[in-house]
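Undergrad: The structure is given below, and queries will be raised subsequently.
Protein chains: 4
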Amino acid sequence: MSRREVLAAGMAAAGAASAAEALAQQAEGQPLLGDPALPEVPGQRMRWAIVGLGTFAVGQVIPGFADARHSRMTAFVSGNPEKARDLGARYGVSRFYDYENFDDIAQDDEIDCVYIVLPVGLHAEYTIRALEAGKHVLCEKPMCNTVEEAEAMVAAAEAANRQLGVAYRVHFEPNNLDAQRRIAAGELGTMRFISADHGFSADPNWPPHKWRLEKLLAGGGSMFDIGIYGMNTSLMMLPGDRVVSVSGTYSTPAGDDRFTEVEGAIEYRLRMASGISIQGSSSYCYSPYVSRQRYFGSTGSIEMRPATTYYDNSIELEAGGAPRTFRAGNPISQFSAQLDGFSQAARTNTPHRTPGAMGLRDMRLIEALYASADQGGAVVEVDIPV
Amino acid sequence: MSRREVLAAGMAAAGAASAAEALAQQAEGQPLLGDPALPEVPGQRMRWAIVGLGTFAVGQVIPGFADARHSRMTAFVSGNPEKARDLGARYGVSRFYDYENFDDIAQDDEIDCVYIVLPVGLHAEYTIRALEAGKHVLCEKPMCNTVEEAEAMVAAAEAANRQLGVAYRVHFEPNNLDAQRRIAAGELGTMRFISADHGFSADPNWPPHKWRLEKLLAGGGSMFDIGIYGMNTSLMMLPGDRVVSVSGTYSTPAGDDRFTEVEGAIEYRLRMASGISIQGSSSYCYSPYVSRQRYFGSTGSIEMRPATTYYDNSIELEAGGAPRTFRAGNPISQFSAQLDGFSQAARTNTPHRTPGAMGLRDMRLIEALYASADQGGAVVEVDIPV
Amino acid sequence: MSRREVLAAGMAAAGAASAAEALAQQAEGQPLLGDPALPEVPGQRMRWAIVGLGTFAVGQVIPGFADARHSRMTAFVSGNPEKARDLGARYGVSRFYDYENFDDIAQDDEIDCVYIVLPVGLHAEYTIRALEAGKHVLCEKPMCNTVEEAEAMVAAAEAANRQLGVAYRVHFEPNNLDAQRRIAAGELGTMRFISADHGFSADPNWPPHKWRLEKLLAGGGSMFDIGIYGMNTSLMMLPGDRVVSVSGTYSTPAGDDRFTEVEGAIEYRLRMASGISIQGSSSYCYSPYVSRQRYFGSTGSIEMRPATTYYDNSIELEAGGAPRTFRAGNPISQFSAQLDGFSQAARTNTPHRTPGAMGLRDMRLIEALYASADQGGAVVEVDIPV
Amino acid sequence: MSRREVLAAGMAAAGAASAAEALAQQAEGQPLLGDPALPEVPGQRMRWAIVGLGTFAVGQVIPGFADARHSRMTAFVSGNPEKARDLGARYGVSRFYDYENFDDIAQDDEIDCVYIVLPVGLHAEYTIRALEAGKHVLCEKPMCNTVEEAEAMVAAAEAANRQLGVAYRVHFEPNNLDAQRRIAAGELGTMRFISADHGFSADPNWPPHKWRLEKLLAGGGSMFDIGIYGMNTSLMMLPGDRVVSVSGTYSTPAGDDRFTEVEGAIEYRLRMASGISIQGSSSYCYSPYVSRQRYFGSTGSIEMRPATTYYDNSIELEAGGAPRTFRAGNPISQFSAQLDGFSQAARTNTPHRTPGAMGLRDMRLIEALYASADQGGAVVEVDIPV
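Quick look at the structure:
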């Protein structure tokens with residue numbers, strides 16, 4: 001049987017061509033124009049410069065642009081020109097800066113947004129320089145080393161009339177957004193208590209961990225790096241509340257020589273104006289990786305375990321019946337969604353979902369927490385709105 | 001076909017009788033004598049009086065004797081003679097006392113052990129009277145209303161040369177024993193932190209909950225009743241350690257009129273001499289029921305969720321690979337095992353696994369915790385060995 | 001402070017005695033008489049003889065009486081008199097028979113029910129002898145070796161006007177009853193398909209497994225012993241349907257010398273008059289233990305994994321939202337509930353929930369299945385109501 | 001405090017610039033060149049034409065290119081030019097064809113590979129035309145309508161000396177690859193049995209489902225569309241084995257007017273030369289979505305639930321201890337990995353992991369299965385290597 005005969009058998013009397021046309025009409029007929037789920041035409045997207053090409057930038061931030069719909073990369077800033085050019089070739093980025101000529105980005109019209117992915121100790125300087133260059137800035141968490149730096153960063157954004165965001169990606173993670181929505185909708189009744197435990201085992205011989213153990217570069221210890229997820233995510237679920245006091249204690253293991261400059265472990269309690277508490281722990285001494293949030297309400301509870309990882313978060317809801325587990329379909333989207341969220345904030349010059357002010361708030365809370373722990377857990381009163 | 005023919009077909013040439021004999025030899029041949037898994041001959045078991053025939057006694061304690069191997073009931077003490085006699089007929093118990101003639105048990109040779117299942121406010125009095133009557137006493141948790149009562153109970157046991165136990169059934173629950181064994185064996189490396197959340201929603205209209213809201217009868221609030229599971233179970237995993245300070249805060253909902261006498265909710269932190277902390281919450285305002293323990297170590301972690309319920313506890317272990325869930329086969333045994341454990345302690349007049357001293361320790365810890373919470377969370381230093 | 005002072009402090013103004021009385025009234029006040037959850041007075045319960053004291057009898061059947069409410073043991077029948085007397089002393093059983101004088105039970109008024117726990121090849125003979133002795137008989141599963149034996153057993157029960165039950169304990173297991181109830185209530189919509197896989201690894205050197213590999217004693221292979229759970233439990237969910245055809249294939253591993261007399265593994269498909277199929281597998285070559293049932297419906301599905309074990313079954317329901325897991329509170333009850341169920345059937349001389357006729361049905365199905373497998377999987381038509 | 005002062009405080013004595021340089025060296029220092037995890041330079045990647053812009057193409061295939069490293073799109077073939085141009089603008093695709101001028105791709109040097117994403121009834125024609133145009137072709141599953149079509153497609157690839165692949169994405173899904181690796185490594189011992197259930201509820205009013213119910217366009221019913229996942233994935237775990245017989249039965253609900261042309265539901269059994277069976281079900285009448293694979297071995301078992309979905313698959317392994325759940329980190333990769341896998345096959349002109357021959361094999365198996373079901377489940381002997 002010839003190919004023509006086979007096809008004739010397959011497509012029967014109908015000529016293949018006209019059947020295909022009919023099918024095209026049928027299967028391809030849905031409207032597309034303006035579909036918000038589709039990527040924007042590249043030439044219209046916001047243009048980003050990435051500052052710092054370390055492990056996190058190469059492994060998470062840059063790949064996150066692949067699925068972004070309103071954001072594209074146009075420039076790399078790096079002290080390693082060979083690496084920058086290699087990555088540029090792979091990702092279609094052709095504009096390069098280093099830490100010497102960084103301020104020249106002010107003259108570069110192909111950059112709208114700057115993403116600071118440097119070690120924490122450099123966040124303040126480069127954020128402020130980028131804002132002064134007239135760019136919108138998304139700065140990695142934690143925001144910076146001190147409350148004073150954070151205040152200066154916020155002031156710089158205001159002076160420049162540009163948006164400053166802190167990259168709290170959890171606010172764009174679909175499972176956490178689902179928890180936030182359920183809590184706001186009253187699925188747990190009244191919130192009664194939040195528990196948050198986060199940590200991992202810091203490896204002083206691995207470069208991405210090594211600088212986290214140096215105070216000048218990291219700003220602080222486990223609370224700065226990993227505990228901040230617990231605190232920030234917990235507060236994400238309590239809009240409109242205020243922190244009225246803080247207490248904490250260190251549990252850094254005695255004699256562990258990783259922790260000569262920053263704390264290895266800390267426990268904390270935040271008291272809220274609404275009368276409830278958040279209790280958590282943060283550690284560079286847990287293994288395997290810990291990332292757990294629990295929300296206990298008057299009529300239901302949510303457990304997230306893990307809660308704040310890159311891909312594998314989920315919600316377990318107990319409320320009126322057997323527990324149910326929810327897992328958002330496509331878990332990669334938090335990185336891309338964060339980029340697009342900031343692009344839209346920058347485009348409209350309106351505040352990002354996790355603005356500089358939120359980063360400043362967290363710096364104040366951690367500062368109070370360290371003050372308490374330095375006094376062995378004494379209650380430190382504050383008045384910090386969520 | 002006649003029945004004989006059928007059987008002949010089934011059993012073939014071999015005569016059924018001799019086959020049965022052969023089978024009896026084969027299938028029934030394992031030795032039994034002295035098998036510790038089998039129940040002891042009733043006449044040799046320790047004999048118990050149950051004091052108080054409320055919901056918990058009828059629903060859990062008394063049925064627990066069905067599967068006990070070294071314990072049997074011989075007497076009921078109750079203010080409701082009709083109920084006592086009805087239960088007696090059903091369970092083969094024929095000796096009855098009331099709260100007036102209770103001290104007459106001293107003359108009753110058919111009672112070795114007394115189980116106090118009264119409201120907390122009566123524990124001290126009836127425990128001491130039973131000890132003075134020469135009986136060994138297992139007292140329900142929490143032990144009593146105050147540290148002073150606990151001290152008097154321990155002193156009475158010593159004076160009478162009888163065993164006093166507090167019914168911390170979790171120490172006989174197979175999943176918690178498995179966790180204890182794994183932790184002691186170093187499966188988590190060095191313990192770094194413990195988190196413990198426990199609670200339920202107290203219903204003031206349900207008699208078994210109603211008395212728990214009255215200070216005179218309950219001794220305290222949620223911490224006395226449900227939070228104590230978290231604290232006691234956490235300490236069960238830290239043998240040889242000491243509590244060096246305690247802090248706590250109340251989260252009793254403002255305006256909730258269930259809580260005019262006792263606290264509705266409390267958070268706590270215990271600092272240990274080993275340098276680690278236990279953080280927990282206890283609430284009469286959670287729903288659904290919360291019973292969660294987590295143990296975070298340097299190389300592994302255990303999550304128990306639920307941790308301390310009657311039937312459904314399990315362990316999830318994360319250490320060196322994917323998480324694994326373990327669930328003890330026959331979960332009913334904690335009630336029966338506790339009875340048998342105390343029977344053996346009484347028989348040999350050696351300390352029970354959860355002795356009066358442990359109950360006294362917990363009363364001291366809760367007293368310190370309340371003192372801290374009364375001061376808004378101030379650190380209260382103690383020196384209390386586990 | 002004296003003991004009196006301590007107590008006075010604890011109980012305040014109220015005299016302890018009157019407080020205790022008040023409490024007794026409050027905490028002990030619920031009515032009891034006639035509460036169906038409480039055990040019946042022993043003298044009124046149905047009285048059982050246990051025939052065969054092998055591993056399963058000693059490990060599961062006899063302990064099951066501890067929590068039974070309408071059943072008690074009065075006699076043991078065994079070829080091992082020493083073992084019988086030892087167990088008798090422990091469990092309060094004082095009447096003993098052996099396989100020689102077994103028929104004398106006809107003259108024993110202290111026996112109402114007889115539980116046959118012998119190897120399968122002896123079921124028919126001892127069941128019929130017990131029925132002829134005027135006793136009601138609960139016979140372990142599988143019912144017997146052949147359809148002819150099963151027919152003779154059913155006929156003997158009819159002739160004696162006594163109840164005959166087959167010990168399909170799953171019909172008394174709370175999680176399976178929950179599945180049955182949900183399916184009947186339409187929670188899955190219309191049933192579409194059932195999948196059932198069951199098996200374990202038979203150990204020819206362990207006595208309780210050894211006789212299962214001998215055709216004369218076991219009747220058949222894995223399908224008789226473990227696959228029958230899958231088939232019987234699946235049919236439990238399809239009341240009113242009929243089996244219209246059966247097909248099966250053997251997967252006994254070539255050269256596995258455990259399986260010279262009985263099949264090691266078999267797969268089966270049952271076609272129902274309603275148009276749906278049940279597909280399952282049964283194996284003596286799986287490890288670890290497999291016990292899985294799945295029910296797929298037009299609007300929901302249930303997965304039970306494990307489905308038919310002694311203690312640890314659960315239901316996972318997917319219907320209209322995220323999956324939910326249900327686990328019955330006290331999982332030990334299937335053994336006790338089965339005893340009490342049969343006691344009630346015997347007392348009222350009405351059919352047991354899993355009567356002899358159900359055992360006969362299953363023998364017919366397995367016979368047809370073996371006939372199909374002997375022909376390499378050819379469809380064997382039957383007409384057997386559920 | 002001025003910005004300079006703030007920064008000076010933050011960075012202490014070290015000048016910020018030199019610290020940044022040091023950090024760049026430290027954090028950006030890892031080598032990159034040749035890292036296989038990074039995307040290839042776009043100009044060197046294989047270039048793809050997508051044929052058919054329906055729901056699956058727009059929702060899964062096209063977005064899959066975002067994370068591909070060796071593949072990029074250069075052309076769209078569609079009967080809807082407006083849609084094609086809109087998508088082209090968004091994704092940087094500027095070459096367009098329709099079903100009339102499709103054969104002109106032969107002259108287009110910017111196309112290396114063609115992905116056929118049309119309804120099944122058009123697969124054969126467009127695959128053969130693309131091969132005749134000198135392009136490598138990845139064809140969506142199922143391969144085509146009939147064995148004869150499949151044979152013609154394979155012959156056309158051979159004649160053209162081009163690669164033909166069938167888009168069995170599961171062979172690139174990390175969790176299934178993990179299962180395949182574990183099984184090959186003997187983690188389950190010897191394979192004993194495979195169970196596979198797959199299905200969903202077909203909605204005749206939803207365009208992407210509608211054509212699946214028409215025989216001319218879909219080729220067959222649920223087995224063609226969804227059951228094929230179960231059969232193909234099961235065989236993926238049995239390399240080197242042969243199918244020796246097939247049997248199946250239809251369970252299409254009587255009177256369901258969705259199924260006038262194709263079967264709604266079918267059950268199947270494949271017997272393998274190794275002596276084991278695969279049993280499965282396939283249905284357009286299950287809800288919610290069912291995708292379950294289980295592998296039972298002599299020393300272990302794997303359950304995948306779901307097994308073959310886009311994002312949420314996982315493995316539960318039971319072997320030597322408590323069950324363990326494994327979930328691949330970044331679950332989006334199966335679409336991208338498949339594209340890159342075929343790009344490499346095309347670049348080197350060596351067979352794809354799931355070649356046309358595999359699609360032909362599956363067409364033969366389904367044809368035999370339908371033949372069996374047409375005869376009520378009779379065994380149909382075949383001899384088809386995996």
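Protein chains in written order, with UniProt numbering: chain U, 1 to 386; chain A, 1 to 386; chain Z, 1 to 386; chain H, 1 to 386.
Heads up, the beta-carbon is just placed ideally off N, CA and C, and yes, glycines get one too.
None of the values given here were measured: they were computed from a predicted structure.
(1) Put W211(U) into one of helix, strand or coil per three-state DSSP.
(2) Counting only Cβ pairs nearer than 7 Å, list the residues of chain A close to T325(H).
(3) Looking at C-beta atoms only, is the number of pairs between the region 77-93 of chain A and the region 346-353 of chain A that lie closer than 8 Å three or more?
(4) Answer with buried or exposed for E158(H), where buried requires no fewer than 16 other C-beta atoms within 10 angstroms of its C-beta.
(5) Are the C-beta atoms of Y316(Z) and some chain A residue less than 8 Å apart?
(6) Rounded to the nearest angstrom, how far is the Cβ of W48(H) from that of P119(H), given a contact under 8 Å?
(7) Identify every residue that forms a DSSP beta bridge with E303(Z).
(8) How would you label A218(H), buried or exposed, when you count the other beta carbons within 10 angstroms and need 16 or more for buried?
(9) Output, in chain order, the set of chain H residues within a Cβ distance shorter than 8 Å of V41(U).
(10) Taking C-beta pairs closer than 8 Å, name the residues in chain H that F96(Z) reaches, listed in chain order.
(11) If you drop the 5 nearest sequence neighbours on each side, which residues of the same chain put their C-beta closer than 7 Å to that of T55(A)?
(12) Any beta carbon from chain A within less than 8 Å of D203(Z)'s own beta carbon?
(13) For Q279(A), list the residues DSSP reports as bridge partners.
(14) Beta-carbon separation of F200(H) and Y289(H) under 8 Å?
(15) Which residues does DSSP list as the beta-bridge partners of W48(Z)?
(16) Quick check on Y229(U) - is its C-beta less than 8 Å from some C-beta in chain A?
(17) If distances are taken between C-alpha atoms only, which option among I315(Z), S333(Z), G92(Z) comes closest to R181(Z)?
(18) My assumption, with CB atoms under 8 Å, is that V246(A) sits in contact with V154(A). Please give the rounded CB distance.
(19) Please work out which residues of its chain come closer than 6 Å, Cβ to Cβ, to I278(U), disregarding the five sequence neighbours upstream and downstream, and give them in chain order.
(20) Could you tell me whether the region 367-384 of chain A touches the region 240-257 of chain A, using the rule of 3 or more Cβ pairs below 8 Å?
(21) What residues in its chain sit with their C-beta under 6 Å from that of A156(Z), if we drop five residues either side in the sequence?
(22) Which residues mark the beginning and the end of the beta strand (DSSP E) in which D383(A) is found?
(23) Just to confirm, are M363(U) and C139(U) a CB contact at a threshold of 8 Å?
(24) Quick check on DSSP: helix, strand or coil for R242(Z)?
(25) Rounded to the nearest angstrom, how far is the Cβ of Y284(U) from that of G255(U), given a contact under 8 Å?
(26) Could you tell me the distance, in whole angstroms, from the CA atom of Y311(Z) to the CA atom of Y91(H)?
(27) Using a Cβ-Cβ cut-off of 8 Å, state whether L33(A) counts as contacting chain Z.
(28) Report all residues from its chain with a CB closer than 8 Å to the CB of F259(U); omit the five preceding and five following residues, and keep chain order.
(29) State the Cα-Cα distance for the pair T74(U) and S372(U), rounded to the nearest angstrom.
(30) Expressed to the nearest angstrom, what Euclidean distance is found between the alpha-carbon atoms of R242(Z) and H352(Z)?
(31) Counting only the same chain and skipping the five closest in sequence on each side, list residues whose C-beta sits under 6 Å from that of N176(Z).
(32) So with CB distances below 9 Å, who are the chain A contacts of D67(Z)?
(33) My output table needs one value for R4(U): the three-state DSSP class, helix, strand or coil.
TA: In terms of the structure at hand:
(1) helix
(2) A322, P323
(3) no
(4) exposed
(5) The identity of residue 316(Z) in the sequence shown is Glu, whereas the question assumes Tyr. Closer than 8 Å: no.
(6) Contact flag wrong, Cβ pair sits at about 20 Å.
(7) R294(Z), E316(Z)
(8) buried
(9) A89, R90
(10) In chain order: nothing, as chain H lies at least about 43 Å away.
(11) P208
(12) no
(13) S195(A), R269(A)
(14) yes
(15) M73(Z), C113(Z)
(16) no
(17) I315(Z)
(18) With a Cβ gap of about 21 Å, V246(A) and V154(A) do not count as contacting.
(19) I194, S234, L270
(20) yes
(21) I128, L131
(22) 380-385
(23) no
(24) strand
(25) The pair is not a contact, with the Cβ atoms about 15 Å apart (cut-off 8 Å).
(26) 56 Å
(27) In this predicted model, L33(A) has a pLDDT of only 49, less than 50, meaning its place in the structure is not dependable; the value taken from the coordinates is given anyway. It does: the Cβ of L33(A) has a partner Cβ on chain Z nearer than 8 Å.
(28) L213, G221, T252, P253, Y284
(29) 45 Å
(30) 21 Å
(31) V170
(32) P63, A66, D67, I332
(33) Because R4(U) sits at a pLDDT of 41, beneath the cut-off of 50, its placement in the model cannot be relied upon, and the point is left open.
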